[in-house]
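Undergrad:
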Amino acid sequence: MTDDRELKQRYGKHDPYKVPEGYFEHFHEQLMQSLPEVRPEPAPAAKVTLMARVKPWLYMAATFVGIIFMVQGLMYVQESRFPTGETASIEDIYTDEADCFMSSSLYNEYVLYSYLTTDDYE
Amino acid sequence: MPLPHDEDILIQQLRDPHTRRNTFSMLVKEYSQPLYRHIRRMVESHDDTNDILQNTFIKAWTGLDGFLGNAKVLTWLYRIATNETLTFISRSSHCDAVEDIEAYASQLEADEWFDGDRLQARFTAAIQALPPKQRLVFNMKYYDDMKYEEISAVLGTSTGALKASYHIAVKKISEYLLREN
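Quick note, the sequences are listed as chains A and B, same order. When the letters of the first sequence are read in order and numbered with the working numbering, they come out as residues 326 to 447. When the letters of the second sequence are read in order and numbered with the working numbering, they come out as residues 54 to 234.
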C-alpha cells in the first residue's frame, strides 16, 4: 500500500488539531496593531570613493610641487647669470649698463670733462 | 475591498505605500488559516504555532521591499513560514521526530486540543515519526494538495526529489499502520 489514495480513504484529510474559538479574528487584529510602520527607505547616500576623498589633497600637493619647481627654476636662472661665489664688479656694470647709458644719453665724455674743468659749473 | 486575484496587481498594491497596509491586512485575513495549519502540523502546540505565525507575518511585512515578485505571494509566505518552523524545530528538543508511535498516539488522544479518534491519533503519530523535511513534504502534498512544482518553489528542492520523498513517506506510514493492525 504505497498509494496515498488508500490513506485518504481510510484516514481522510481531516485536520486533527483544534483551534481556540475566534482565534483567527483576534490574531488578525492583534497582528495588524503590532506591525511596525515601514518608512520608505531613504535614498542611498552617494558613495564617496577613495579617489574623491583624496582629490583635494592631491591638488594641494600638486600646487606645492608646482611652486617648488617654479622657485627652483627662478633660482637656476639667477645662478646661471650670477654663478654662486661670483659677485658683479663695477667694471661689469660699467661695461654693460653704464656704457649703454652713456651711449644713449645726451651726456658724453666731452660734456663730463667740460663739467669737471669749467669754473662756471661750480 | 477584496484581495486582488491578479498577482501583478497584488504585488503592486503591496509596494505602494498608500495601499500597502490595507492589502497586507487582507493578506493576513486570507492566508493566516492555511499558514497556521501548515505550521501547526509541524510543531503541534497552538502557542508555538501562534508565535511562529506572528513572526512569519512580521518578517513578511518588514521584508516587503525585498520581495521582488519572482514567486507568488502565497509561495513566498509559505517559504517564510517553513523556514521559521524549521528553525524553531531545530532549536527545540520537544519537536524531535516521534520514536514510540503508540505511546504518542495515546498522548494525543488524551490531549484536549486533539480532535480525533484512536485511528486518527495513530495516523497523526505515524506522520510525526517522519523526519521534519519529509513530514513537510507529506503534509503539503497530502493535506494541502499542493503540486510538486509549488512545493518545490517553497522548499527549493527538485520535483523529482520531492516525488521520491513523498513516496517514501507514504510507504513508511502505510507499512507502520499495516504492521500494527
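Note that the Cβ used here is the ideal one computed from N, Cα and C, for glycine as well.
1) Starting from residue 91 of chain B, trace the alpha helix (DSSP H) both ways and give me its first and last residue.
2) Listed in chain order, which residues of the segment 157-187 of chain B have Cβ atoms closer than 8 Å to some Cβ of chain A?
3) Determine, using beta-carbon pairs with one atom in the segment 333-346 of chain A and one in the segment 158-172 of chain B, whether at least three such pairs fall under 8 Å.
4) Grouping DSSP H, G and I as helix and E and B as strand, with all else coil, what is residue 167 of chain B?
5) Would you say residue 223 of chain B faces chain A, with C-beta separation under 8 Å as the test?
6) Looking at the secondary structure, which residues open and close the alpha helix (DSSP H) in which residue 380 of chain A lies?
7) Mind checking if residue 68 of chain B is an interface residue toward chain A, Cβ cutoff 8 Å exclusive?
8) Does any residue of chain B bring its CB to less than 8 Å from the CB of residue 326 of chain A?
9) If you measure from the beta carbon of residue 351 of chain A to each beta carbon in chain B, is any gap under 8 Å?
10) Please classify residue 196 of chain B: does DSSP put it in a helix, a strand, or coil?
11) Would you say residue 99 of chain B faces chain A, with C-beta separation under 8 Å as the test?
12) Of all the CB atoms in chain A, is at least one closer than 8 Å to the CB of residue 115 of chain B?
13) Give the single residue among B/141, B/156, B/202, B/162 whose Cα lies nearest to the Cα of residue 124 of chain B.
14) Would you say residue 344 of chain A reaches chain B, if we count a Cβ-Cβ gap shorter than 8 Å as a contact?
15) Does the structure place the segment 174-184 of chain B close enough to the segment 344-354 of chain A that three or more beta carbon pairs sit under 8 Å?
16) Measure the C-alpha to C-alpha separation of residue 199 of chain B and residue 128 of chain B and round it to an integer number of angstroms.
17) Going along the segment 83-97 of chain B in order, which residues come within less than 8 Å of chain A, judged by CB to CB distance?
18) Looking at C-alpha atoms only, which residue of B/152, B/92, B/185, B/211 is the closest neighbour of residue 130 of chain B?
19) Could you work out which residue in B/232, B/173, B/120 is closest to residue 69 of chain B when comparing CA atoms only?
20) Tell me the rounded alpha-carbon separation between residue 99 of chain B and residue 375 of chain A.
TA: Result, derived from the coordinates:
1) 73-96
2) 161, 165, 166, 167, 168, 169, 172, 173, 174, 176, 177
3) They touch, by the three-pair rule.
4) strand
5) yes
6) 375-406
7) no
8) Summary for residue 326 of chain A: the model assigns pLDDT 44, below 50, so the residue's position carries little reliability; its value from the coordinates is reported in the next sentence. For residue 326 of chain A, the answer is yes, since a Cβ of chain B falls inside 8 Å of its Cβ.
9) no
10) coil
11) yes
12) yes
13) B/202
14) So, interface residue.
15) no
16) 11 Å
17) 85, 86, 89, 90, 93, 94, 97
18) B/92
19) B/120
20) 55 Å
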